[in-house]
Each structure stands twice: as structure tokens, then as C-alpha cells.
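S.K.:
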Amino acid sequence: EQALRLATRFLDDILDYNADKHPLPEQREASLYSRRIGVGFTGLGDMLCKLRLKYDSEEAVAFVDRLFERIKNIVYDESVNLAQEKGVFPGYDRDQHLRGRFVKALDPAVQARIRKHGLRNVALLTVPPVGSGASLAGTTSGIEPIFDLGYTRRSESLSQQTFTVYHPLVRTYMQRFAVEREEDLPEFFVTAHQIQPEMRVRMQATIQKHVDHSISSTVNCPADTTEEDVAKIYFLAWKMGCKGITVYRADSRENILTAGTRRSTQAAAASTALQAPPASASGVPGPAPAIARETRPKRPRPKVTAGRTERIETPRGRIYVTINEDEQGVCEVFVQSLDVEADAIGRMASLALRTGADPRDVIEQLWRVQSREVAIDRSADGTIVRVTTVAQGVALAVGRALYGPGFRPDLVFPMADRLPAPRPANGYGNGHGASAPAADAVVAPGSGPPGTAEVQGGPAGEIQQPLLTFAGVCPDCGSSLIYENGCSSCRSCGYSRC
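Numbered per the UniProt record's numbering, the sequence shown spans residues 1 to 498.
(1) Tell me residue 324's beta-bridge partners as DSSP assigns them.
(2) Suppose the cutoff is 7 Å on Cβ atoms and the five residues either side in sequence are ignored; what does the same chain contact list for residue 352 look like?
(3) Return the residue from the list 387, 30, 377 that minimises the CA-CA distance to residue 369.
(4) For residue 408, which of helix, strand or coil comes out of DSSP?
(5) Near residue 107, what residues of its chain come up, given a Cβ to Cβ distance below 7 Å and the 5 sequence neighbours on each side ignored?
(6) Under the rule that 16 or more other beta-carbon atoms within 10 Å means buried, what is residue 120, buried or exposed?
(7) Run the CB neighbour count on residue 3, radius 10 Å, all protein chains shown included, and call it buried at 16 or more, exposed below.
(8) Does residue 125 pass the burial test, meaning 16 or more other C-beta atoms within 10 Å, or should it be called exposed?
(9) To which residues of the same chain is residue 264 closer than 7 Å at the C-beta, ignoring the five residues directly before and after it?
(10) Taking its Cβ as the centre, do 16 or more other Cβ atoms sit within 10 Å of residue 300, making it buried, or is it exposed?
(11) Rounded C-beta distance between residue 139 and residue 43? I'm assuming under 8 Å.
(12) If you compare alpha carbons, which of 321, 406, 243, 151 is closest to residue 380?
(13) When burial is assigned at 16 or more other CB atoms within 10 Å of the CB, is residue 220 buried or exposed?
(14) Assuming the contact rule is C-beta atoms closer than 8 Å, residue 147 and residue 122 should be a hit. Round their C-beta distance to whole Å, please.
(15) Residues in the same chain with beta-carbon distance under 8 Å from residue 37, minus the five sequence neighbours each way, listed in chain order, please.
(16) Is the stretch 393-407 touching the stretch 322-337 in the sense that three or more CB pairs, one from each, lie closer than 8 Å?
(17) Below 6 Å CB to CB, which residues in the same chain sit around residue 249 once its five sequence neighbours on both sides are set aside?
(18) Nearest to residue 333 by CA position, among 135, 315, 310, is which residue?
(19) CB-CB under 6 Å to residue 348, same chain, minus the five flanking residues each way: which ones, in chain order?
(20) Going by the CB atoms, is the gap between residue 164 and residue 172 shorter than 8 Å?
(21) Within the continuous beta strand (DSSP E) that includes residue 376, where are the two ends?
(22) For the candidate residues 143, 118, 199, whose alpha-carbon lies nearest to that of residue 95?
(23) Using DSSP with H/G/I as helix, E/B as strand and the rest coil, what is residue 493?
(24) Between the Cα of residue 495 and those of 246, 319, 318, spot the shortest distance and give me the residue it belongs to.
(25) Looking at C-alpha atoms only, which residue of 375, 328, 343 is the closest neighbour of residue 355?
(26) Confirm, please, whether the CB-CB distance from residue 143 to residue 127 is below 8 Å.
(27) Excluding five sequence neighbours on each side, which residues of the same chain lie with their C-beta closer than 6 Å to the C-beta of residue 40?
(28) When the Cα of residue 103 is compared with those of 211, 364, 244, which residue comes out closest?
(29) Out of 201, 55, 177, 86, which has the shortest C-alpha to C-alpha gap to residue 35?
(30) For residue 151, name the three-state secondary structure that DSSP assigns.
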């Protein structure tokens, strides 16, 4: 209670402190006319875990309802105290204020004090976006549950060892109670992706009853969530009285800038129509008819091919990728690694290339396979690329074979259409960008203007993209933060430090 009363007074004082710092006089007048403040909080998810309450349980919802009803009455009561000491806000209208639904829901004793002394502030409570602050404090953000129990990181030291970074409260619990596996944690350690959207909306609506401003909250949904599912979430939030809500579907951001004309055309040409199996006289479905597929013959492998082998650093250790070419271009990819799945990646890439797949598509699809582990690979010319999976390592090796050692897939994808079409190398397989003329080659970072990666060639001329710089690990989802346009942000979950 003391913290809430002090926070109310502190924020009211901030209004006066900032009065002469507004750029426009109209802003100053609007601020002082209503004296709007926002007493907020963070760490609800961690608090419920400490109380051994599962976030999406009936007990948690009931407890939060009682808690925020008390918070609301304490803050409004302190605003009445300020009104007695310093006066009401200039726009105060007692009768109109007392008719409001929010004030009517206050404790009768607080309503009586408002009727007698008025209010210092037109509105007092909020739950702002506190991602960075919560990360600094080592707790959950706002009303959000724990996003993830932990994530895997690779040491930047020479050992390159991997280790698991747990959410602070999870780590403390595991150390205190000698829990070694996440599976052995109690059920009240529930994460955002394990909670049904309806329960997330219900929890927010329960808190919204006691908050007079909007609430910053994100409902995390799986990648297969449909438009209808999203519409239901928004409609439910509106119906239950939420003033605002955000819905994030997993992986929904990676295709925002994808130019998919060529690939969508190929996909449409390869699509097939499935017919339902005919039913017999007894009503039992008959055997399913054979599915008609468009197939392409695999081009024969020449007796002799030329190629190159490159060593790539990956989170699973070093791999050696051999790329062979025939007169039509890249035709084979061999991967030598202690990871047996690396061989499968090479075989599937070879099959795709020999059946006519565009090498740019093969590179792009392999590069999209990401993880939270990170390894650093340096090319022959010193270009540094962060590799998170073996598949990305293979994509990097193929890209360098086609476009030279300065190839940066982290700058190009997911926009493979910007790359010039690969061409067979002279004598095939020299492995230094000879598969495309010099005018069409990807310019290595540093050879163009500072801070840009250049892709030249084609009717559109020169295309420039901002140089993306690794800026740490996202505190919400554990993916890499990218420093771009003066701000560090996460492209996996949308977190931003700005």
C-alpha cells in the first residue's frame, strides 16, 4: 500500500516537473488540464509462480481480481488526498465523474471521499510496455506469463561451449529445490505458448476492470492459427471489456518482406487436386485413387564433376561442405560432419538441385532453419556470418560457391529474388563467384558505401540494404537482437529496446 501511495504522489509531481519541458504550449495545457498519470506494475507472471498459482487457473484469476480491486481503491484514495492538499485537476466535473462506470465500481468509502473532496487526476492506472525494464529487473513483463523457461546459448569464448540460460525465477527455483530438468518443474511454471488464448484474454479482462487506462498485453498463438481464430480473440477481448490487445502468431513476421512471385508460380504449377475415394454399395469408402503429381526427371550425374570444399563453423561443430558443378551449374552437395543429419541435408539439397530447383530457393530454405545457438564463421576474405544451424552452414557454403566469399545470407534473405540467377562456371566449379559475371556478383561488405550490403545487376540496377549488426540476445524469446536504424530489435517475437 505504501508503494502505491508513493508512486501516485511521485507521478503527480512529475507532471509539474515536466510542465516547462513540453515542445508545444498545447501539450503543457493538456497535461495540466487533466493531470493524467499511470501507476503501473510488472512481474505478474512471476508473482503467481511464487504463490504457486498456475497463470491460467481459476484460482489465479480470482486472486488477481481481488488484488487489483485493492490496488485500484488505494491509488484513487491517494488521489483524493492529493486533491485535498493541492486541489482537483482543472477539468474536474464532480457529477460527471461520479456517473462513470469505473468510479461507480470503487469502494463506497472511496466514492464518498471523491464526492466530498474531488480527485487530483482524471485517470491513474495503466500497464505500459515494460519489456526492457522487466528484463533489467529479471522478472516477467507486465501482466505477461513467463515467455519461455530457458534458451540455449553458445559461449563466445574459445571453448564455444553451449549452456542453458533459464528465466531468473526458474533458475532460482531449480537451484533451491535441486531440480535438474524442466520436465520436473511444477505445473505452475506455465509459459505463454502453453496458455489458451481465451484464458489470456480472460486474465487481461479481469485486470482491465480495475485499470482505467489501456493494458499492454500480447497473446501468443501457434503458427497454424487461422484468421478466424485471431478474429475470435479480438472479438472476445472487445466483448469482455479490454481496451486493447495484441495477437502475435508464431513466425508471422518472417514473410513480411518476401517477394514470392517466382516461388508461388512454381507452387501453383506443382499443386494437385485430391479426389475423395468412391464409396462402395455398403457405404464403406473404397481405396484411395493414386495422387497425380508433376515430377521432373533427375538429370544424370556426369562421370566427372569439378567443385570446391569449404569448412564452416556451426553450433554442432565444424562441417566440410563440398559443392560440385556440371555444365548446367551446381548439381551436388556433400556434407561431412559428426552430425549424421548433416548428410541428409546434403542428399536432399543434391536431389533438389538435380531435379531443377533454383539454387537460390535451396539456399533460402536451408537458411530459414534457425535455432537459438550461435557459431561464428569467417570466410576467406574475412567476412563474418553468424550461423545457428548445420542447415544454415550448408546454405552459406553453397552461397559462397555461387557468389563469392563476401556472400551474406543474413542480409539477403528472406528475399532470394534479389540475387542474380546463378550461371554455370567457366570450366565449372572454380568456386569464387565465377558462376555469375562480375557485374552480377554480390559485392563483399566493405567494398561499397559504409553500412550497406550491395546487390547489383538486373533491370532494377543497384539495390542497397541496411547492414544488420548483432546486438545481443532477446530477453523475451532468446533469439538474436539486430541493431538497425538506431534501435535493437528481435525479428522473431517483435521485442524492441526503443
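Glycine included, C-beta positions come from ideal geometry on N, C-alpha and C.
M.R.: Straight from the coordinates:
(1) 307, 332
(2) Taking C-beta separations shorter than 7 Å and ignoring five residues to either side along the sequence, the partners of residue 352 in its chain run 362, following chain order.
(3) 387
(4) DSSP places residue 408 in coil when its eight states are reduced to three.
(5) 73
(6) buried
(7) exposed
(8) buried
(9) The pLDDT assigned to residue 264 is 39, lower than 50, so where the model puts this residue is not dependable; a value taken from the coordinates is nonetheless given after this. Nothing meets the Cβ criterion.
(10) By the 10 Å Cβ count, residue 300 comes out exposed.
(11) 4 Å
(12) Nearest of 321, 406, 243, 151 to residue 380, Cα basis: 406.
(13) buried
(14) Their Cβ separation, rounded to whole angstroms, is 34 Å, which puts residue 147 and residue 122 out of contact at 8 Å.
(15) 8, 11, 12, 14, 15, 121, 123, 124
(16) yes
(17) Answer for residue 249: 221, 225, listed in chain order.
(18) 310
(19) Non-local beta-carbon contacts of residue 348 in its own chain, meaning distances under 6 Å to residues more than five positions away in sequence, are absent.
(20) In this structure, residue 164 does not lie closer than 8 Å to residue 172 by Cβ.
(21) 375-378
(22) Of the listed residues, the one whose Cα sits closest to residue 95 is 118.
(23) coil
(24) 246
(25) 328
(26) yes
(27) 126, 127, 128
(28) Cα-wise, what sits closest to residue 103 is 211.
(29) 86
(30) Strand, per DSSP.
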